[in-house]
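Written below as structure tokens is the structure these notes are about.
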Amino acid sequence: MLLPPELSVSLRVERPVLPVRPRTPPRAPFCFSPSRLRFHRQHEFFEDGDIHRHLYLQDILTNVTEVTERSKVSEFCCHIVGCCQVFDTLEGYEHHYNALHRNMCSFCKRSFPSVHLLDTHILEWHDSLFQIMAEKQNMYQCLVEGCAEKFKSSKDRKDHLVKVHLYPSDFRFDKPKKAKSSTKQQ
């Protein structure tokens with residue numbers, strides 16, 4: 001065990017003599033000399049590669065035929081009530097459903113492009129405590145996912161979206177609530 005120099009002097013301990021290795025250039029633990037080997041085409045060395053190549057080519061040919069022969073089915077309608085869209089392929093229906101029905105508000109039936117915007121809509125338009133809380137603290141979340149900013153009003157949020165996230169100045173997320181007509185109340 002090596003001691004610090006100050007301590008070894010005060011204890012009068014002699015330092016052990018460490019062995020010194022002669023300096024020689026480092027050598028590899030093995031010796032390699034390249035040589036050229038030639039195998040015939042049917043040699044077992046190539047067997048795994050031949051199998052993988054065959055499977056790869058077979059997969060490519062299978063995928064090409066699948067793309068050209070899209071599964072055609074008889075026409076069918078969208079199952080959402082009030083939607084009359086007609087489809088002849090499953091891909092067309094899936095695209096339609098994901099674009100228009102996946103993130104739909106269950107209260108007012110508005111559709112949104114993302115879960116984040118749907119959650120924000122439900123909070124701001126259908127949560128009865130939102131307006132009360134908005135009077136006391138910033139409640140209007142930024143519409144950009146990943147931005148944690150909150151604002152006092154939807155106008156402040158819109159200004160933020162235009163300045164920071166470069167939204168167009170005519171962008172409208174919050175359609176005003178329809179005012180109840182006074183003739184119905186009378």
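According to the UniProt record's numbering, the sequence shown is numbered sequentially starting from 1. Virtual Cβ for every residue (Gly too), placed ideally from N, Cα, C. Quick caveat, the model's predicted, so the values are computed rather than measured.
1) Within 10 angstroms of the Cβ of residue 120, are there 16 or more other Cβ atoms? Answer buried if so, exposed if not.
2) Going by Cα to Cα distance, which pick from 93, 130 and 117 is closest to residue 172?
3) Can you tell me where the alpha helix (DSSP H) with residue 148 in it begins and where it stops?
4) For residue 23, count neighbouring C-beta atoms within 10 Å of its own C-beta (all shown protein chains included) and say buried if the count is 16 or more, exposed if not.
5) Taking the alpha helix (DSSP H) that residue 122 belongs to, which residues open and close that run?
6) Once DSSP output is grouped into helix, strand and coil, what is the label at residue 86?
7) Taking just the CA atoms, how far does residue 155 sit from residue 76?
8) Return the Cβ separation of residue 105 and residue 122 in integer angstroms, given the expectation that the two are a contact with Cβ distance under 8 Å.
9) Measuring straight from C-alpha to C-alpha, what distance separates residue 191 and residue 93?
10) Taking all protein chains shown into account, do 16 or more other C-beta atoms lie within 10 angstroms of the C-beta of residue 158, making it buried, or fewer, making it exposed?
11) Can you tell me where the alpha helix (DSSP H) with residue 154 in it begins and where it stops?
12) Tell me whether residue 89 counts as near the ligand HEM, meaning its Cβ is closer than 6 Å to at least one heavy atom of that ligand.
13) To which residues of the same chain is residue 145 closer than 8 Å at the C-beta, ignoring the five residues directly before and after it?
The short version:
1) The count along the sequence shown starts at 1 and reaches residue 120 at position 120. Per the 10 Å Cβ criterion, buried.
2) Position 172 of the sequence shown, counting from 1, holds the residue named residue 172. If we check each option's Cα against that of residue 172, 117 comes out closest.
3) Stepping through the sequence shown from its first residue, residue 148 is reached at position 148. Premise fails: residue 148 is in no alpha helix (DSSP H) and is neither H nor E.
4) Against the sequence shown, residue 23 aligns to sequence position 23. Exposed, by the Cβ-count rule.
5) Walking along the sequence shown from the start, residue 122 turns up at place 122. First-last of the alpha helix (DSSP H) with residue 122: 115-126.
6) Translated into the one-based positions of the sequence shown, residue 86 becomes position 86. DSSP places residue 86 in strand when its eight states are reduced to three.
7) Along the sequence shown, read from residue 1 onward, the residue named residue 76 stands at position 76. Along the sequence shown, read from residue 1 onward, the residue named residue 155 stands at position 155. Each residue's Cα considered, the two are about 44 Å apart.
8) As a position in the sequence shown, residue 105 is number 105, starting the count at 1. As a position in the sequence shown, residue 122 is number 122, starting the count at 1. About 6 Å; that satisfies the 8 Å criterion.
9) Coverage of the chain is limited to positions 1 through 186, which leaves residue 191 absent and any answer about it impossible.
10) Translated into the one-based positions of the sequence shown, residue 158 becomes position 158. Classification of residue 158: buried, given that the 10 Å Cβ count is 16 or more.
11) Counting from 1 along the sequence shown, the entry for residue 154 is found at position 154. Note, residue 154: alpha helix (DSSP H), 154-163.
12) Ligands in the displayed structure: none, and consequently the ligand HEM is not present.
13) Mapped onto the sequence shown, residue 145 falls at position 145. Closer than 8 Å at Cβ, skipping near neighbours: 114 and 116.
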